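All you need for our numbering is the position in the sequence shown, starting with 1, plus 167.
Glycine included, each C-beta is placed from N, C-alpha and C at the ideal position.
Quick caveat: nothing in here was measured; it's all calculated off a predicted structure.
Have a look at the structure below before the remarks.
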Amino acid sequence: EKIALSAVQPLPEIVSAGISWKYKLLAALLLLFTIACIYGSIKRWPDTESTLILASLGSLLGLVLYIFYTQFDRDGETLRLDNAGIKHIWYGRVPWNEIVGISMQTMVNRGVTTHVLYLGLIDRSRYLINVPWLVRKMSGFSMSPKSKMALNIPLHMLNVEANIIEKVANNLRSKYQPPMAIGWHYSMTETEF
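Quick look at the structure:
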């Protein structure tokens with residue numbers, strides 16, 4: 168039903184996507200749990216063992232929330248597609264004429280659907296420099312797929328549907344020269360390209 172409805176509606180010229188309400192709710196619950204842990208550690212101050220456990224748990228959860236905020240939702244806009252290019256919080260702005268291919272991968276793992284948009288670039292190293300250190304370390308395997316041409320953009324946490332983002336990206340990229348490579352796929356090597 169959603170796919171049929173989105174096929175009828177015209178594509179927007181600008182897409183601005185932030186973190187979806189589900190992940191914001193999860194972050195708010197973690198924040199409440201962090202506050203409860205810190206409050207509990209203050210209340211049990213003379214008991215050193217429980218104080219240490221609660222303070223450690225509160226600090227760890229606080230660190231996770233800080234990392235989530237800085238890596239995914241610093242300014243409220245995680246991903247933006249417009250006439251100037253595609254801008255992601257990890258990579259910065261990528262002009263449309265530098266993108267040689269766009270491909271989306273959909274994975275289902277334990278009932279959870281994950282969408283990843285891949286951008287094909289001749290020189291992706293300029294954009295990998297902008298990726299935060301922690302994201303690079305945590306997802307090192309996905310930052311360097313078989314091809315050294317692809318930048319991956321996870322879409323499952325965003326408040327805009329993945330198929331709309333893919334359609335808008337392909338539509339906006341089609342307006343620029345040189346044209347995209349037909350049949351480009353994120354798993355292609357440079358030789359295959």
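Item, Value
"Going by Cα to Cα distance, which pick from Leu288, Trp300 and Thr358 is closest to isoleucine 234?", "Trp300"
"Considering Cα atoms alone, identify which of Arg247, Tyr353, Lys210 and Leu318 is closest to proline 179.", "Arg247"
"To the nearest angstrom, how far is the alpha carbon of tryptophan 188 from that of threonine 218?", "33 Å"
"Exposed or buried, what is isoleucine 349 when buried is set at 16 or more other beta-carbons lying within 10 Å of its beta-carbon?", "exposed"
"Would the region 257 to 271 and the region 197 to 209 be scored as touching if the rule is three or more Cβ pairs under 8 Å?", "no"
"Three-state secondary structure (DSSP) at arginine 247?", "strand"
"Among the candidates Phe360, Glu168, Leu227 and Ile186, whose CA atom is the shortest distance from the CA of proline 321?", "Ile186"
"Under three-state DSSP, which class holds valine 327?", "coil"
"On the DSSP letters alone, give me the boundaries of the alpha helix (DSSP H) that alanine 203 sits inside.", "188 to 210"
"Buried or exposed for arginine 291, going by 16 or more other Cβ atoms inside 10 Å?", "buried"
"Please go through the same chain and pick out, in chain order, the residues whose beta-carbon is closer than 8 Å to the beta-carbon of tyrosine 236, but skip the five residues on each side of it.", "Ala194"
"DSSP three-state call for asparagine 264: helix, strand or coil?", "helix"
"At the level of alpha carbons, what is the spacing between serine 223 and valine 182?", "40 Å"
"Whole angstroms are fine: how far does the CA of glycine 252 sit from the CA of methionine 347?", "14 Å"
"If you run the structure through DSSP and keep just helix, strand and coil, what is isoleucine 298?", "The sequence as given places valine at residue 298; isoleucine does not occur at that position. Three-state result, valine 298: coil."
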